[in-house]
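Colleague: Got a structure here, written out as structure tokens. Questions coming.
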Amino acid sequence: DGKEAMLRQKDYETATLSEIKALLKKHEAFESDLAAHQDRVEQIAAIAQELNELDYYDSPSVNARCQKICDQWDNLGALTQKRREALERTEKLLETIDQLYLEYAKRAAPFNNWMEGAMEDLQDTFIVHTIEEIQGLTTAHEQFKATLPDADKERLAILGIHNEVSKIVQTYHVNMAGTNPYTTITPQEINGKWDHLSHLRQYEKSIVNYKPKIDQLEGDHQLIQEALIFDNKHTNYTMEHIRVGWEQLLTTIARTINEVENQILTRDAKGISQEQMNEFRASFNHFDRDHSGTLGP
């Protein structure tokens, strides 16, 4: 009875891949031990048959006991086979999931490398003085935007791997014992940060698209200077004031995008939670008394 109860256990349903492999080794040892008793069962059946042939007076009792032993033996064999099949099926499913987890983690790494490159590009400060410089920045920005579709495809591919895991879990009713052992990046984080970055880039685009009006102001300012008009009674804003404000706006949005992307990189690499990031930011802001974005000596 103890053996049957052990074989009916469903401990494999919540086991990890390494635990499943250990259960399989244990089961193989049990099968070897069970096979060693096969001869004894056959001997018991042969003795019962011989007693029947000799017309033993208590043959009915012997036959009943022999039948009970054979039935228990057959039941043990069936339960043993059933447990082996369950263990092997679970092992195969968990190996598939493990490979998907590994693929997910490996593809998330180059995706983060792309994010790091984007972070460096968006961290640049935009200070321009000529039309050629403006055109150069615009070209570079268009080239950067051209990389976004491929990055989005990779993001969707990474999420697709996670969806495949979910599909396996739901289809075969696998009770997952844990999360991806190869990375702490969750699909929710990827989607959330991507949406945030998309919003920031759209905001950046709207700012860059306003550049022609700044150029027009520069042209008007040049004409005013050539006309030797130094006092504009219609406004208190000088061209220098507008230039500084414009550059600060571009720098601020670039810094914000940089911060979001840097959060992704830091959290992915170090496993830092959002709460810890908030604590670090609060501490930094406390000591950054001049709001320069750097800490003094």
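Going by the UniProt record's numbering, 187 is the number at position 187 of the sequence shown; the sequence numbering is gapless. All residues carry an ideal CB built from backbone N, CA and C; glycine is no exception.
#1: Can you tell me where the alpha helix (DSSP H) holding Gly2 begins and where it ends?
#2: In terms of alpha-carbon separation, which member of Ala64, Arg255, Gln38 and Thr90 lies closest to Glu13?
#3: Please state the DSSP three-state secondary structure of Ile185.
#4: Is the separation between the beta-carbon of Ile190 and that of Leu159 shorter than 8 angstroms?
#5: Tell me whether the beta-carbon of Asn63 lies closer than 8 angstroms to the beta-carbon of Ala46.
#6: Expressed to the nearest angstrom, what Euclidean distance is found between the alpha-carbon atoms of Ser166 and Ser32?
#7: Got a sec, what are the start and stop residues for the alpha helix (DSSP H) Leu54 sits in?
#8: Touching or not, the segment 76-95 and the segment 6-24, by the rule of three or more beta carbon pairs under 8 angstroms?
#9: For Asp39, tell me which candidate among Gly2, Trp73 and Arg107 has the shortest Cα-Cα distance.
#10: Do the CB positions of Leu34 and Leu87 come within less than 8 angstroms of each other?
#11: When the Cα atoms are used, what is the spatial distance from Asn175 to Lys10?
#12: State the DSSP-derived secondary structure class of Thr179, mapped to helix, strand or coil.
#13: The alpha helix (DSSP H) with Lys26 in it runs from where to where?
Modeller: On the basis of the supplied data:
#1: The count along the sequence shown starts at 1 and reaches residue 2 at position 2. It spans Gly2 to Leu7 - the alpha helix (DSSP H) in which Gly2 sits, taken as one unbroken run.
#2: Along the sequence shown, one-based indexing puts residue 13 at 13. Residue Thr90 is the option with its Cα nearest to Glu13.
#3: Numbered from its first residue, the sequence shown carries residue 185 at position 185. Note: Ile185 maps to coil in three-state DSSP.
#4: Working through the sequence shown from its first residue, we reach residue 190 at position 190. Working through the sequence shown from its first residue, we reach residue 159 at position 159. Result yes, Cβ atoms of Ile190 and Leu159 sit closer than 8 angstroms.
#5: As a working mapping, residue 63 is identified with position 63 in the sequence shown. As a working mapping, residue 46 is identified with position 46 in the sequence shown. No, the pair does not count as a contact, with Cβ atoms beyond the cut-off.
#6: Here residue 166 corresponds to residue number 166 of the sequence shown, with the count starting at 1. Here residue 32 corresponds to residue number 32 of the sequence shown, with the count starting at 1. Near 36 angstroms, if we compare the C-alpha coordinates of Ser32 and Ser166.
#7: By one-based count along the sequence shown, residue 54 stands at place 54. Element bounds for Leu54: n/a, residue is neither H nor E.
#8: yes
#9: Within the sequence shown, numbered from 1, the residue matching residue 39 stands at position 39. Ranking the options by Cα distance to Asp39, first place goes to Trp73.
#10: On the sequence shown, residue 34 is found 34 positions in, with the first residue counted as 1. On the sequence shown, residue 87 is found 87 positions in, with the first residue counted as 1. No.
#11: Here residue 175 corresponds to residue number 175 of the sequence shown, with the count starting at 1. Here residue 10 corresponds to residue number 10 of the sequence shown, with the count starting at 1. Those two C-alpha atoms are separated by around 11 angstroms.
#12: Counting from 1 along the sequence shown, the entry for residue 179 is found at position 179. Correct three-state label for Thr179: coil.
#13: Walking along the sequence shown from the start, residue 26 turns up at place 26. Run containing Lys26: Leu17 to Ala36, per the alpha helix (DSSP H) assignment.
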